[in-house]
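Written below as structure tokens is the structure these notes are about.
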Amino acid sequence: MSKKVIKRSWAEPFKIKMVEPIKMTNRGYRDKCVKEAGHNTFLLKSEDVYIDLLTDSGTNAMSDYQWAGMMLGDEAYAGSKNFYNLWDNVKKYYGIPYFVPTHQGRAAEHMISKIMIKQGDYIPGNMYFTTTRLHQELAGATFIDVIIDEAHDPQNTHPFKGNIDPQKLEDLIKKVGAKKIPYVSMAGPVNMAGGQPFSMANLKEIYNLTKKYNVKLWFDATRATENAYFIKMREKGYANKTIAAILKEMCSYFDGLWVSAKKDLMVNIGGFLATRNKKVYEEARNMVVVYEGLHTYGGLAGRDMEAMARGIEEMVMFDNIKARIGQVEYCGKQLEKYNVPLVYPFGGHAIFLDAKKFLPHLKQDLFPAQSLVSEIYVDSGVRGMERGIVSSGRDPQTGKHRYPKLELVRLTFPRRVYTQAHIDVMVESVAQVFDERKKIKGLKMVYEPKYLRFFQARFKKL
Ligand code: F0G
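Under numbering that gives the first Met the number 0, the residue at position 274 of the sequence shown is numbered 273, and the numbers go up by one with no gaps.
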């Protein structure tokens, strides 16, 4: 036998059984579309988009196993079989006993925030997520970012930029008192930091710290399998553990968690809350009937819950997660060839363009990331999302813009949807816009809604 190492390229662990045609458009048409959408990619019609990298949320392709499960939907108002299948898999894979389904992640965020938070409380977290922080603020809390400083620097290559800084957390506990902190909100990977994971070592340290002060620790486990993958690849002692084992170990340190199933679980809709605390569970179970539907469907159809139950089994398969993150990495490496400024290390769900470096001639008040994402759409029909000053919103106390250090464009990868050829086209387009970046003049905001302004704000070109 030859000892020569044979090169084997990366490829998807699936083949395509059904296709959805996409519309090709020209630049003049897209120019008109983006003006009508107020330069906000959330306001574009999906049919006018060529390659849709707005989000990985609910935009995934389900497997034949999941579609087969859709046909087994038990659409009973109460006690659907699919609810019990889903609950079994939540217990088996996340290891948490009590469970309430919701129609998506923010419904679970709403419930947990209302149950746990009192007016005047503080919620420390590893950077913010838009809907998570808003629900915490609406429930009366002030959000405090306790992520490590490295997370705010796009060039810093720390392997676990999602880590919480234990010193920042302990200083806050000492300053405001543990009684004012109903829970620490820990996400992994951290979406707004560029899809950056926390390490198991950090999680253990934060667990010990919260136990010392008797503070609860809650997990935004929306993309937890990506965090588990990074732990396997980067942290000593985990290379030989399965994604399922790492996920279970991560969850073992948390008092409870919430999930937007539209990500890891590879479905189009769904979410849930899971807790070890019977009292919190009873309250959530009661609240869900007010806002979502009965506690055995939480705003979902039986078939959706079956697809979620089966999605849990697929999300921990190593080849699936490796292919997903492999695609993100491939994209990053291609963009590097054109010297496009990116966030490092490459994240789990998306490639993030560093708009401050991409457009150094634009002040943050001129919305560089929003301008950039709009230009990329006009150039090629590729749709991304702003993750900078617009997403960050206004400080509820002062009413002024928050000026985040990270001013980014997110190009997000739906799971099992696009091919490497799509990525190549996207890369060529970003490179072209980078070449002509000096022409980009910035935007003026002409309409601003009260909550989560990035979804509906409108802009005009300067
Ligand atoms: N937590 C994280 C980390 C998220 O990324 C999201 C959604 C949510 C909670 C809320 O879940 O959308 O089901 O209500 N993120 C999407 C995104 C919208 O594009 O990043 P949801």
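Here a beta-carbon is modelled for each residue, glycine too, at the ideal position from N, C-alpha and C.
Cross-strand partners of residue i (DSSP beta bridge)
{"i": "Ala273", "result": "Phe98, Leu256"}
{"i": "Trp86", "result": "Note: Trp86 sits in no beta bridge, so no partner."}
{"i": "Arg382", "result": "Asp51"}
{"i": "Phe142", "result": "Ile122"}
{"i": "Ser184", "result": "Gly124, Trp217"}
{"i": "Gln195", "result": "Val189"}
{"i": "Val408", "result": "Leu352, Glu385"}
{"i": "Tyr280", "result": "According to DSSP, which records beta bridges pairwise, Tyr280 is partnered with nothing at all."}
{"i": "Ile163", "result": "Ile146"}
{"i": "Met444", "result": "Phe458"}
{"i": "His400", "result": "Arg393"}
{"i": "Leu341", "result": "Leu352"}
Distance between beta carbons of residue j and residue i, contact taken as under 8 Å
{"i": "Ala260", "j": "Gly310", "result": "7 Å"}
{"i": "Ser373", "j": "Phe453", "result": "Their Cβ separation, rounded to whole angstroms, is 13 Å, which puts Ser373 and Phe453 out of contact at 8 Å."}
{"i": "Ile122", "j": "Val189", "result": "Contact flag wrong, Cβ pair sits at about 15 Å."}
{"i": "Phe462", "j": "Ala368", "result": "Nothing in the structure corresponds to residue 462, since the chain is present only between 0 and 461."}
{"i": "Leu410", "j": "Gly387", "result": "Incorrect: roughly 14 Å between the Cβ atoms, too far for contact."}
{"i": "Gly104", "j": "Gly346", "result": "Incorrect: roughly 18 Å between the Cβ atoms, too far for contact."}
{"i": "Gly301", "j": "Glu35", "result": "So it is not a contact: roughly 39 Å between Cβ atoms."}
{"i": "Phe197", "j": "Gly236", "result": "With a Cβ gap of about 15 Å, Phe197 and Gly236 do not count as contacting."}
{"i": "Ser184", "j": "Thr131", "result": "7 Å"}
{"i": "Gln363", "j": "Ile422", "result": "The pair is not a contact, with the Cβ atoms about 29 Å apart (cut-off 8 Å)."}
{"i": "Ala456", "j": "Met444", "result": "6 Å"}
{"i": "Lys247", "j": "Ser56", "result": "Contact flag wrong, Cβ pair sits at about 24 Å."}
{"i": "Phe253", "j": "Leu299", "result": "With 8 Å as the limit, Phe253 and Leu299 do not qualify as a contact, their Cβ atoms being about 23 Å apart."}
{"i": "Met199", "j": "Met126", "result": "19 Å between Cβ atoms; not a contact."}
{"i": "Ile268", "j": "Asp318", "result": "Incorrect: roughly 25 Å between the Cβ atoms, too far for contact."}
Residue from the options with nearest C-alpha to residue i
{"i": "Tyr83", "options": "Phe98, Met69, Tyr93, Gly94", "result": "Phe98"}
{"i": "Ile180", "options": "Pro153, Leu208, Phe197", "result": "Leu208"}
{"i": "Gly166", "options": "Pro153, Glu204, Pro158, Met199", "result": "The sequence given here places Gln at residue 166; Gly does not occur at that position. Closest option to Gln166, Cα to Cα, is Glu204."}
{"i": "Ile172", "options": "Leu371, Tyr212, Val445", "result": "Tyr212"}
{"i": "Trp257", "options": "Thr241, Asp353, Ala283", "result": "Ala283"}
{"i": "Glu312", "options": "Leu264, Gln103, Pro12", "result": "Leu264"}
{"i": "Arg26", "options": "Gln65, Tyr49, Lys443", "result": "Tyr49"}
{"i": "Pro96", "options": "His102, Asp87, Gly104, Gln103", "result": "Asp87"}
{"i": "Lys91", "options": "Ala243, Gly193, His157", "result": "Ala243"}
{"i": "Val214", "options": "Met316, Met69, Gln135, Ala177", "result": "Ala177"}
{"i": "Val266", "options": "Ala186, Gly68, Glu11", "result": "Gly68"}
{"i": "His102", "options": "Glu225, Cys32, Phe13, Tyr290", "result": "Tyr290"}
{"i": "Glu435", "options": "His360, Lys235, Cys32, Asn155", "result": "His360"}
{"i": "Ala223", "options": "Lys210, Ile245, Arg233, Ala150", "result": "Ile245"}
{"i": "Ala138", "options": "Glu108, Ile375, Pro100", "result": "Glu108"}
{"i": "Ala140", "options": "Phe128, Ser112, Thr156, Asp148", "result": "Ser112"}
{"i": "Val432", "options": "Val377, Gln419, Asn226", "result": "Val377"}
{"i": "Tyr93", "options": "Asp170, Val408, Phe218", "result": "Phe218"}
{"i": "Glu19", "options": "Asp30, Tyr28, Ser45", "result": "Ser45"}
{"i": "Ser370", "options": "Asn319, Lys404, Gly441, Phe128", "result": "Gly441"}
{"i": "Lys438", "options": "Phe357, Asp120, Gln419, Gly292", "result": "Phe357"}
{"i": "Cys330", "options": "Met249, Gly392, Tyr402, Ala420", "result": "Ala420"}
{"i": "Glu11", "options": "Gln135, Val424, Thr418", "result": "Thr418"}
{"i": "Ile143", "options": "Glu169, Val89, Lys3", "result": "Glu169"}
Per-residue burial, residue i [other beta carbons within 10 Å of its own, 16 or more giving buried]
{"i": "Lys231", "result": "buried"}
{"i": "Val426", "result": "buried"}
{"i": "Tyr76", "result": "exposed"}
{"i": "Ser251", "result": "exposed"}
{"i": "Asn338", "result": "exposed"}
{"i": "Arg323", "result": "buried"}
{"i": "Gln118", "result": "exposed"}
{"i": "Glu305", "result": "buried"}
{"i": "His38", "result": "buried"}
{"i": "Gly78", "result": "exposed"}
{"i": "Tyr343", "result": "buried"}
{"i": "Val288", "result": "exposed"}
{"i": "Met285", "result": "Note on residue identity: the sequence assigns Asn, not Met, to residue 285. Exposed, since its Cβ has fewer than 16 Cβ neighbours within 10 Å."}
{"i": "Ala273", "result": "buried"}
{"i": "Ser8", "result": "exposed"}
{"i": "Gln65", "result": "buried"}
{"i": "Arg414", "result": "buried"}
{"i": "Ile114", "result": "buried"}
{"i": "Gly507", "result": "Because the chain is modelled from 0 through 461, residue 507 falls outside the range shown and cannot be assessed."}
Proximity test, Cβ basis, 8 Å: residue i and chain B
{"i": "Gly441", "result": "In the displayed structure, chain B is absent; only one protein chain is listed."}
Residues whose Cβ lies closer than 6 Å to any heavy atom of ligand 1, in chain order: Thr54, Ser56, Gln103, Gly104, Arg105, Phe128, Thr130, Thr131, Ala186, Asn190, Asp219, Thr221, Ser259, Lys261, Gly270
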